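Novice: Here's a structure for you.
Protein chains: 2
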Amino acid sequence: MTLTRKRAAIRIRVFAPGSVGNVGPGLDILGLALAACGDRVEASWDPSKEIVIADPGHPSISTDPRRNTAGLAASEVLRRAGQAGRGVRLRVEKGLPLSGGQGGSAASAVAAAVAVNHLLDVPLDRMALLEACLAAEEAVAGRHADNIAPSLLGGIVLIRSLDPPDLVPLPVPRNLYVALARPEQQLRTMDGRAVLPGLVARDLAMYQAAQVGAMIAALGSGNLRLLGRALDDRIAEPARAPLLPGFEEAKAAALDAGALGASISGSGPTAFALVGSEAAGRRVAEAMATAYRRAGLSCQTLVSKVDRKGARLES
Amino acid sequence: MTLTRKRAAIRIRVFAPGSVGNVGPGLDILGLALAACGDRVEASWDPSKEIVIADPGHPSISTDPRRNTAGLAASEVLRRAGQAGRGVRLRVEKGLPLSGGQGGSAASAVAAAVAVNHLLDVPLDRMALLEACLAAEEAVAGRHADNIAPSLLGGIVLIRSLDPPDLVPLPVPRNLYVALARPEQQLRTMDGRAVLPGLVARDLAMYQAAQVGAMIAALGSGNLRLLGRALDDRIAEPARAPLLPGFEEAKAAALDAGALGASISGSGPTAFALVGSEAAGRRVAEAMATAYRRAGLSCQTLVSKVDRKGARLES
Numbered sequence: 030m031t032l033t034r035k036r037a038a039i040r041i042r043v044f045a046p047g048s049v050g051n052v053g054p055g056l057d058i059l060g061l062a063l064a065a066c067g068d069r070v071e072a073s074w075d076p077s078k079e080i081v082i083a084d085p086g087h088p089s090i091s092t093d094p095r096r097n098t099a100g101l102a103a104s105e106v107l108r109r110a111g112q113a114g115r116g117v118r119l120r121v122e123k124g125l126p127l128s129g130g131q132g133g134s135a136a137s138a139v140a141a142a143v144a145v146n147h148l149l150d151v152p153l154d155r156m157a158l159l160e161a162c163l164a165a166e167e168a169v170a171g172r173h174a175d176n177i178a179p180s181l182l183g184g185i186v187l188i189r190s191l192d193p194p195d196l197v198p199l200p201v202p203r204n205l206y207v208a209l210a211r212p213e214q215q216l217r218t219m220d221g222r223a224v225l226p227g228l229v230a231r232d233l234a235m236y237q238a239a240q241v242g243a244m245i246a247a248l249g250s251g252n253l254r255l256l257g258r259a260l261d262d263r264i265a266e267p268a269r270a271p272l273l274p275g276f277e278e279a280k281a282a283a284l285d286a287g288a289l290g291a292s293i294s295g296s297g298p299t300a301f302a303l304v305g306s307e308a309a310g311r312r313v314a315e316a317m318a319t320a321y322r323r324a325g326l327s328c329q330t331l332v333s334k335v336d337r338k339g340a341r342l343e344s
Numbered sequence: 030m031t032l033t034r035k036r037a038a039i040r041i042r043v044f045a046p047g048s049v050g051n052v053g054p055g056l057d058i059l060g061l062a063l064a065a066c067g068d069r070v071e072a073s074w075d076p077s078k079e080i081v082i083a084d085p086g087h088p089s090i091s092t093d094p095r096r097n098t099a100g101l102a103a104s105e106v107l108r109r110a111g112q113a114g115r116g117v118r119l120r121v122e123k124g125l126p127l128s129g130g131q132g133g134s135a136a137s138a139v140a141a142a143v144a145v146n147h148l149l150d151v152p153l154d155r156m157a158l159l160e161a162c163l164a165a166e167e168a169v170a171g172r173h174a175d176n177i178a179p180s181l182l183g184g185i186v187l188i189r190s191l192d193p194p195d196l197v198p199l200p201v202p203r204n205l206y207v208a209l210a211r212p213e214q215q216l217r218t219m220d221g222r223a224v225l226p227g228l229v230a231r232d233l234a235m236y237q238a239a240q241v242g243a244m245i246a247a248l249g250s251g252n253l254r255l256l257g258r259a260l261d262d263r264i265a266e267p268a269r270a271p272l273l274p275g276f277e278e279a280k281a282a283a284l285d286a287g288a289l290g291a292s293i294s295g296s297g298p299t300a301f302a303l304v305g306s307e308a309a310g311r312r313v314a315e316a317m318a319t320a321y322r323r324a325g326l327s328c329q330t331l332v333s334k335v336d337r338k339g340a341r342l343e344s
């Protein structure tokens, strides 16, 4: 029984990076992982036969495992591994803001899924983990993988298809940095989705497709100017910008300060800009923050490389 | 006056390759040049002050320079070079079928534009030539550059934007071949455009964008299987296929015979398939031709590499 006692004491701690979803024109299909921020989940066996959220990471996050992406993802992993009904205890450390547009719900789901998979001695492969997280994310933020996929795999990821999942990891230029500015406002993911148009003009759809294509070509060739020109979202950004006071001014300030391009991270309220150096990132982040403050909103900034590792064990 | 007499005798002969427009999901934005076929235009000064179409290349093509893409492109080049009113004589050799979906009108325009530009000692750069050809193509087939751009530049080209033109040349995998099957039927480009939907569902638009992105990622990484999976057009092909008897059967036959993917070339009637070797190309082309013949249509086939040079002087 040594093994059982030993396993009962195991604590698995996993870090999953934050992410920018909807990278520019890539609504629901293009996401990138952020090296500078993320969530952590610690998982251990629990004598109960339930998922126990011992710490949800923030007083506003539910400790009901059916309303918590970490709990939902843990439960999905157990089910897919044929271990439903086992008790797992989760402690979440939120490094990412709630409802910020930095992929916080996805990172918690990914960290929990990877942690529970390790607790079970890794029965599930990455695609099965992705599907478990997708089911969890779907319950709180709609069925899309543009935060989950980069948080799980790292890098910049194109979601070619969801059913079945077909993920395309893209080349990441060495000198690419992301500047983020998060104004002090809330926008629920569901509200950010409700304003999206149901139909788009065919010409606009193909323009958007051309921008996605040009971003991917630019990532491959390292042509950062082209990457910036192609960061031109004409479907989601025009619909969401009116919900985000200060965003237009912050975007203009980012471009003035030398950003390659800028848009809304996920459904917001965080704004992001792509830049070609860390110094440019600091300048651009500060310019965005100043614009938000002028609009009466306090603002936090971050400059990050693209994370290349994805979710990983810390113990 | 030696120079004048010498120049009066100059004949410039230019070859411009045929092309596949609308490559799969890339409606209006993705085209590839075909090494195995093209049009030729010979240009010389004419003592008149007009564009003279001495040979339109086919009895069905107008000799009125205002209704002929070679004539229109020649006229645009003269105008943009500040030489409007000079007389130019054009002889067109059609290597490409009329209304076939192999970029015949674009190739004639490109060959004429490049030839007249050489007659004038190359006053226009490639972007100005592109705009001249675009104006010519617009008059007969709508404002799109997915045939003109590859015919002019060679290779596989993404049209990121038209106004102003921003063309992105894409990597071409070494072992990529194109199999073409042209059934004996006519479909005017304008009719092929009239059936396109004016509006598309947002989710469909983003799926299409993801396929364009995945094709470009696959060209960069040389992942031909991904290239084939992403050759999935859900906007133009479903609208045009009903106008093209035998197409669905030919596509199914191509996939059965080992094609990576298949779709309609331009607005048809030519069908094309992407393949990973010349031998596969022959097999796939024959399978498509057999399917068309079973549907009661005679059919011509072609297997081609991607042309990498674009329009070029032959004298």
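Here the protein sequences line up with chains A and B, keeping their order.
Everything in the first sequence is counted per the numbering used here, starting at 30 for the first residue and increasing by one.
Everything in the second sequence is counted per the numbering used here, starting at 30 for the first residue and increasing by one.
Where a beta carbon is used, it is the ideal one built from N, C-alpha and C, also for glycine.
Everything numeric in this text was worked out from a predicted model, so none of it was measured.
1) Using a Cβ cut-off of 9 Å, pull out every chain B residue sitting near A:Val197, in sequence order please.
2) In three-state terms, what does DSSP make of A:Pro179?
3) Based on the DSSP secondary-structure assignment, which residues constitute the bridge partners of B:Val70?
4) Is there a Cβ of chain A sitting closer than 8 Å to that of B:Pro152, yes or no?
5) In chain order, what residues of the same chain lie with their CB nearer than 7 Å to the CB of B:Gln329, ignoring the 5 residues before and after it?
6) With a floor of 3 residues, list each beta strand (DSSP E) that falls wholly inside the segment 134-165 of chain A, ordered by position along the chain.
7) Quickly, what does DSSP pair A:Ala283 with across the bridge? List them, please.
8) When you compare each of B:Ala308, B:Gly132, B:Arg42 and B:Leu56 to B:Val332 by their alpha carbons, which one comes out closest?
9) Which bits of chain B does A:Arg189 rub up against, with CB to CB less than 8 Å?
10) Answer with buried or exposed for B:Asp93, where buried requires no fewer than 16 other C-beta atoms within 10 angstroms of its C-beta.
11) To the nearest angstrom, report how far apart A:Val43 and A:Arg341 are at their CA atoms.
12) Scan the segment 209-242 of chain B for residues whose Cβ lies nearer than 9 Å to a Cβ of chain A and list them as they occur along the chain.
13) Would you grab the beta carbon distance between B:Gly67 and B:Gly124 for me? Rounded to a whole angstrom, and I think it's under 8 Å.
14) I'd like to know if B:Asp57 contacts chain A, where contact means its C-beta is closer than 8 Å to some C-beta of that chain.
15) Which residues does DSSP list as the beta-bridge partners of B:Lys334?
16) Among the candidates A:Ala99, A:Pro267, A:Ala239 and A:Arg203, whose CA atom is the shortest distance from the CA of A:Ile185?
17) Can you give, in chain order, each stretch of the beta strand (DSSP E) that sits fully within the segment 251-303 of chain A and has at least 3 residues?
18) Spatial neighbours of B:Asn23 within its chain, please: CB distance less than 8 Å, with the 5 preceding and 5 following residues excluded, ordered by chain position.
19) For B:Ile185, return the contacting residues in chain A, with the cut-off set at a CB-CB distance below 7 Å.
20) Give the DSSP-derived three-state secondary structure of A:Leu61 in the structure shown.
21) Put B:Arg312 into one of helix, strand or coil per three-state DSSP.
22) In the DSSP assignment, what are the bridge partners of B:Gln329?
23) Report all residues from its chain with a CB closer than 6 Å to the CB of B:Gly364; omit the five preceding and five following residues, and keep chain order.
24) Quick check on this structure: which residue in A:Asn97, A:Val241 and A:Lys78 has the alpha carbon closest to the alpha carbon of A:His87?
25) For chain B, is any of its Cβ atoms less than 8 Å away from the one on A:Val49?
26) For A:Ala230, which of helix, strand or coil comes out of DSSP?
27) Could you spell out where the alpha helix (DSSP H) holding B:Ser104 opens and where it closes?
28) Does B:Asp195 come out as helix, strand or coil in the three-state DSSP assignment?
29) Where does B:Asp220 sit, in a helix, a strand or coil, going by DSSP?
30) Under three-state DSSP, which class holds A:Ile185?
31) If you check the beta carbons only, do B:Pro194 and B:Ala62 fall under 8 Å apart?
32) Cutting at 7 Å between CB atoms, please list the residues of its own chain near A:Ser306, excluding the five before and the five after it.
33) Less than 8 Å between CB atoms is the rule here; does B:Ile39 satisfy it with respect to chain A?
Specialist: Once the coordinates are examined:
1) Ala239, Gly242, Ala243, Ala246, Ala247, Ser250, Asn252, Leu255 and Ala259
2) helix
3) B:Val43 and B:Val121
4) no
5) Once the five neighbours on either side are set aside, the close Cβ partners of B:Gln329 are Arg211.
6) Within the segment 134-165 of chain A, there are no complete beta strand (DSSP E) runs of at least 3 residues.
7) In DSSP, A:Ala283 forms no bridge with anything.
8) B:Ala308
9) At a beta-carbon threshold of 8 Å, the residues of chain B lying near A:Arg189 are Ala239, Gln240, Gly242, Ala243, Leu255, Arg258 and Ala259, ordered along the chain.
10) Label assigned to B:Asp93: exposed.
11) Whole-angstrom Cα-Cα distance: 5 Å.
12) Leu225, Pro226, Gly227, Leu228, Val229, Ala230, Arg231, Asp232, Leu233, Ala234, Met235, Tyr236, Gln237, Ala238, Ala239, Gln240, Val241 and Gly242
13) 5 Å
14) yes
15) Answer is B:Tyr206.
16) A:Arg203
17) You should have 290-293.
18) A query on residue 23 of chain B cannot be resolved here, the shown segment of chain B reaching from 30 to 344 and no further.
19) What B:Ile185 touches in chain A: nothing, since even the nearest Cβ is about 10 Å away.
20) Here A:Leu61 sits in strand by DSSP.
21) Residue state, collapsed to three classes: helix.
22) B:Arg211
23) Missing from the structure shown is residue 364 of chain B; chain B here goes from 30 to 344 and no further.
24) A:Asn97
25) no
26) strand
27) Thr98 to Arg109
28) strand
29) B:Asp220 falls in the helix class under three-state DSSP.
30) strand
31) no
32) Apart from sequence neighbours up to five positions away, the residues of its chain that approach A:Ser306 with a beta-carbon distance below 7 Å are Asn204 and Tyr206, ordered along the chain.
33) no
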